[in-house]
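The structure appears right after this line, and notes come after that.
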Amino acid sequence: MEFIKEEIEDMSDPEPSRIKHEDTEEQIDQVRVKEQRQELNEVKEEQRNFTIQRSKAKKTHTCTQCGKSFSHLKTHLIVHSDERPYVCFLCGKSFSRLYSLKQHQKTHNEVRDYMCFDCGKSFTRAENLKKHQRIHT
(Lines of atoms letter the chains of each structure in order from A and count residues from 1; the text may use other names and numbers.)
(Lines give C-alpha, C1' and ligand atoms only; values in the text may rest on other atoms or scores of the structure.)
Protein backbone atom coordinates (compact mmCIF):
# COMPACT_ATOMS: atom_id res chain seq x y z
CA MET A 1 0.00 0.00 0.00
CA GLU A 2 2.78 2.43 0.80
CA PHE A 3 4.12 2.07 -2.66
CA ILE A 4 0.80 3.21 -4.09
CA LYS A 5 0.69 6.07 -1.62
CA GLU A 6 4.10 7.27 -2.72
CA GLU A 7 3.05 7.09 -6.31
CA ILE A 8 0.02 9.24 -5.58
CA GLU A 9 2.15 11.66 -3.63
CA ASP A 10 4.55 11.87 -6.59
CA MET A 11 1.68 12.59 -8.93
CA SER A 12 0.51 15.47 -6.79
CA ASP A 13 3.84 17.21 -7.39
CA PRO A 14 3.22 20.55 -9.15
CA GLU A 15 6.26 20.15 -11.45
CA PRO A 16 4.79 17.57 -13.87
CA SER A 17 1.58 19.52 -14.26
CA ARG A 18 3.54 22.73 -14.94
CA ILE A 19 5.52 20.98 -17.63
CA LYS A 20 2.33 19.71 -19.22
CA HIS A 21 0.88 23.22 -19.02
CA GLU A 22 4.00 24.67 -20.71
CA ASP A 23 3.74 22.07 -23.46
CA THR A 24 0.14 23.07 -23.99
CA GLU A 25 1.08 26.75 -24.21
CA GLU A 26 3.83 25.89 -26.68
CA GLN A 27 1.38 23.92 -28.79
CA ILE A 28 -1.08 26.80 -28.65
CA ASP A 29 1.69 29.17 -29.78
CA GLN A 30 2.53 26.85 -32.67
CA VAL A 31 -1.11 26.79 -33.73
CA ARG A 32 -1.23 30.61 -33.57
CA VAL A 33 1.92 30.90 -35.68
CA LYS A 34 0.43 28.47 -38.21
CA GLU A 35 -2.77 30.50 -38.39
CA GLN A 36 -0.82 33.74 -38.79
CA ARG A 37 1.23 32.22 -41.61
CA GLN A 38 -1.96 31.10 -43.34
CA GLU A 39 -3.47 34.58 -43.00
CA LEU A 40 -0.27 36.15 -44.33
CA ASN A 41 -0.25 33.79 -47.31
CA GLU A 42 -3.88 34.67 -48.05
CA VAL A 43 -3.09 38.40 -47.90
CA LYS A 44 -0.07 37.91 -50.18
CA GLU A 45 -2.24 36.00 -52.66
CA GLU A 46 -4.84 38.78 -52.64
CA GLN A 47 -2.10 41.37 -53.24
CA ARG A 48 -0.68 39.28 -56.09
CA ASN A 49 -4.13 39.01 -57.70
CA PHE A 50 -4.67 42.75 -57.25
CA THR A 51 -1.29 43.52 -58.85
CA ILE A 52 -2.11 41.29 -61.82
CA GLN A 53 -5.49 42.98 -62.26
CA ARG A 54 -3.91 46.42 -61.93
CA SER A 55 -1.22 45.62 -64.50
CA LYS A 56 -3.89 44.35 -66.89
CA ALA A 57 -5.92 47.50 -66.32
CA LYS A 58 -2.91 49.73 -67.06
CA LYS A 59 -2.59 48.47 -70.65
CA THR A 60 -5.46 50.50 -72.02
CA HIS A 61 -4.13 51.87 -75.33
CA THR A 62 -4.01 49.52 -78.31
CA CYS A 63 -1.54 50.04 -81.13
CA THR A 64 -3.32 50.18 -84.49
CA GLN A 65 -0.28 48.78 -86.32
CA CYS A 66 0.45 45.64 -84.27
CA GLY A 67 -2.61 45.24 -82.02
CA LYS A 68 -0.64 45.14 -78.75
CA SER A 69 -1.85 47.11 -75.71
CA PHE A 70 0.32 49.61 -73.83
CA SER A 71 0.03 52.09 -71.02
CA HIS A 72 2.47 54.41 -72.85
CA LEU A 73 1.48 54.09 -76.48
CA LYS A 74 3.55 57.10 -77.62
CA THR A 75 6.74 55.41 -76.49
CA HIS A 76 5.79 52.25 -78.36
CA LEU A 77 4.87 54.00 -81.62
CA ILE A 78 8.52 54.97 -82.15
CA VAL A 79 9.18 51.29 -82.90
CA HIS A 80 6.96 51.49 -85.99
CA SER A 81 8.34 54.80 -87.27
CA ASP A 82 11.59 55.38 -89.11
CA GLU A 83 12.66 57.80 -86.37
CA ARG A 84 16.00 56.74 -84.89
CA PRO A 85 17.33 59.68 -82.89
CA TYR A 86 20.01 57.75 -80.96
CA VAL A 87 23.19 57.31 -83.02
CA CYS A 88 26.35 55.41 -82.07
CA PHE A 89 29.28 57.82 -82.40
CA LEU A 90 31.69 54.94 -83.09
CA CYS A 91 29.99 53.17 -86.00
CA GLY A 92 27.01 55.38 -86.94
CA LYS A 93 24.33 52.78 -86.29
CA SER A 94 21.07 54.40 -85.11
CA PHE A 95 18.44 53.26 -82.66
CA SER A 96 14.88 54.21 -81.75
CA ARG A 97 15.51 53.79 -78.03
CA LEU A 98 18.31 55.06 -75.80
CA TYR A 99 18.47 51.72 -74.00
CA SER A 100 19.17 49.95 -77.30
CA LEU A 101 22.03 52.35 -78.06
CA LYS A 102 23.55 51.77 -74.62
CA GLN A 103 23.35 48.01 -75.09
CA HIS A 104 24.96 48.37 -78.52
CA GLN A 105 27.82 50.50 -77.18
CA LYS A 106 28.79 47.66 -74.87
CA THR A 107 29.87 45.72 -77.96
CA HIS A 108 32.41 48.43 -78.78
CA ASN A 109 33.64 48.77 -75.20
CA GLU A 110 33.81 45.00 -74.79
CA VAL A 111 31.87 45.30 -71.53
CA ARG A 112 30.53 41.87 -70.72
CA ASP A 113 28.52 42.07 -67.51
CA TYR A 114 26.87 38.65 -67.77
CA MET A 115 29.06 35.58 -67.22
CA CYS A 116 28.19 31.90 -67.45
CA PHE A 117 29.11 30.13 -64.21
CA ASP A 118 29.38 26.80 -65.99
CA CYS A 119 32.01 27.62 -68.62
CA GLY A 120 33.11 31.21 -67.99
CA LYS A 121 31.91 32.66 -71.29
CA SER A 122 30.67 36.26 -70.94
CA PHE A 123 27.98 38.27 -72.69
CA THR A 124 26.87 41.88 -73.11
CA ARG A 125 23.19 41.02 -72.64
CA ALA A 126 21.34 38.93 -70.08
CA GLU A 127 19.13 37.46 -72.82
CA ASN A 128 22.19 36.10 -74.63
CA LEU A 129 23.49 34.51 -71.43
CA LYS A 130 20.11 32.85 -70.83
CA LYS A 131 20.06 31.50 -74.37
CA HIS A 132 23.63 30.25 -73.97
CA GLN A 133 22.93 28.51 -70.65
CA ARG A 134 20.50 26.17 -72.39
CA ILE A 135 23.45 24.27 -73.86
CA HIS A 136 24.52 23.22 -70.36
CA THR A 137 21.20 21.60 -69.46
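This note's numbering puts the last residue of the sequence shown at 131; the count rises by one with no breaks.
For glycine and all other residues, C-beta sits at the position ideal for the given N, C-alpha and C.
- Secondary structure of threonine 56 (DSSP, three-state): strand.
- As computed with DSSP, valine 81 is found in a beta bridge with Ser88.
- Less than 8 Å separates the beta-carbon of aspartate 112 from that of histidine 130.
- At a Cβ-Cβ threshold of 8 Å, threonine 118 and glutamine 97 count as neighbours.
- Leucine 123 and arginine 31 have their C-alpha atoms some 37 Å from each other.
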